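The listed protein sequences correspond, in order, to chains A and B.
Quick note on numbering: my numbering labels position 8 of the first sequence as 15, and the sequence is numbered without any gaps.
Quick note on numbering: my numbering labels position 17 of the second sequence as 387, and the sequence is numbered without any gaps.
We put the CB at the ideal spot given by N, CA and C, even for glycine.
Keep in mind that this is a model prediction, so the values were computed, not measured.
What follows is one structure encoded as structure tokens, with my remarks underneath.
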Amino acid sequence: DTEVTQTPKHLVMGMTNKKSLKCEQHMGHRAMYWYKQKAKKPPELMFVYSYEKLSINESVPSRFSPECPNSSLLNLHLHALQPEDSALYLCASSPIGDTQYFGPGTRLTVL
Amino acid sequence: QKEVEQNSGPLSVPEGAIASLNCTYSDRGSQSFFWYRQYSGKSPELIMFIYSNGDKEDGRFTAQLNKASQYVSLLIRDSQPSDSATYLCAAFTGTASKLTFGTGTRLQVTL
């Protein structure tokens with residue numbers, strides 16, 4: 008089973024809202040990732056958690072705040088986003104860091 | 371800038387033909403290589419990975435790796451209309467602990 012789940016599937020938020028994206032995997036993977044993907048572009052890495060610790064932050068603006076409550080869960084807290092942040096947000100997990108399995112994504116629209 | 375390059379396409383092949391998708395990478399430290407299939411509006415789905423020089427076959431898919439030439443390819447035999455998607459090539463570098471994606475090749479399988 009290589010299933011990564013993400014909620015919600017779709018999210019519409021205003022620029023003053025606070026919302027969170029959630030990701031879950033029960034495969035025992037120790038690395039989890041957040042990516043952002045704009046239309047007709049490849050996924051762009053945002054954050055990497057390895058053994059529940061933040062190991063990579065790709066200079067993402069502070070309006071995006073990741074959290075890893077435990078080895079199965081990954082959250083992305085959103086605050087004061089801009090319309091250009093509208094994108095498909097992808098969570099992925101990996102057993103050893105290279106083979107990554109993606110969740111279905113959250114389609115985010117910022118008004 | 372470490373890069374993975376792909377022809378954006380579209381690559382158009384008739385149903386039943388072999389589709390050949392190509393990818394080059396610039397970082398000689400890249401250790402493992404991945405092919406993801408992405409349907410429009412969906413998340414990337416891992417279809418093949420390869421670590422060693424040579425060919426690796428899985429059903430209708432064959433991945434080929436030539437580290438000396440820094441070249442990775444994906445062959446899809448007996449192409450079906452359901453294979454129409456964007457194919458993302460990715461390289462993993464251990465030192466950076468992350469995947470670098472190409473921009474993807476759009477494949478169209480025509481009836």
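For A/His-17, the enclosing beta strand (DSSP E) begins and ends at 17-20.
One finds Ala-466, Ser-467 and Lys-468 in chain B with Cβ atoms closer than 9 Å to the Cβ of A/Ile-63, taken in chain order. DSSP, reduced to helix, strand and coil, places A/Glu-10 outside both helices and strands of the structure shown, so it counts as coil. Contact between B/Gln-401 and B/Thr-475 does not hold, since the beta-carbon distance rounds to 22 Å and is not under 8 Å.
Burial of A/Met-39 is indicated by the presence of at least 16 other C-beta atoms within 10 angstroms of its C-beta. Per DSSP, reduced to three states, the secondary structure at B/Ser-422 is coil, with no helix or strand assignment. Only residues of its own chain outside the window of five on either side were considered, and among them Met-20, Met-22, Leu-88, Gln-89, Pro-90, Asp-92 and Ser-93 have a CB closer than 7 Å to the CB of A/Val-117, listed in chain order. When the beta-carbon positions are compared, B/Pro-451 and B/Leu-477 stay at least 8 Å from each other. If you compare the alpha carbons of A/Lys-25, A/Leu-81, A/Glu-65 and A/Gly-104 with that of A/Gly-112, the shortest gap goes to A/Leu-81. C-alpha of A/Asp-105 to C-alpha of B/Leu-469: approximately 7 Å in a straight line.
DSSP, reduced to helix, strand and coil, places A/Ser-62 within a strand of the structure shown.
For B/Thr-473, the chain A residues whose Cβ falls inside 9 Å of its Cβ are Lys-47, Lys-48 and Pro-49, in order along the chain.
With respect to the 8 Å criterion, A/Val-11 and A/Gln-44 are not classified as neighbours on the basis of their beta carbons. Interface residue (Cβ-Cβ distance to chain A less than 8 Å): B/Pro-451 is not classified as such.
The contact set of B/Leu-416 on chain A, defined by CB atoms closer than 9 Å, consists of Thr-9, Thr-106, Gln-107, Tyr-108 and Phe-109 in chain order.
Around the beta carbon of A/Ile-103, fewer than 16 other beta carbons sit within 10 angstroms, so the residue counts as exposed. In the structure shown, the three-state DSSP call for B/Pro-414 is coil. In terms of beta-carbon proximity, A/Leu-97 lines the interface with chain B, with at least one pair separated by less than 8 Å. The C-alpha of A/Ser-62 lies about 12 Å from the C-alpha of A/Leu-52. When DSSP states are grouped into helix, strand and coil, A/Pro-76 belongs to the strand group.
With contacts defined by Cβ atoms closer than 8 Å, B/Ala-389 and B/Leu-381 form a contacting pair. Judged by DSSP secondary structure, A/Val-67 falls outside any beta strand (DSSP E); it is assigned neither H nor E. Apart from sequence neighbours up to five positions away, the residues of its chain that approach A/Ser-27 with a beta-carbon distance below 6 Å are Asn-82 and His-84, ordered along the chain.
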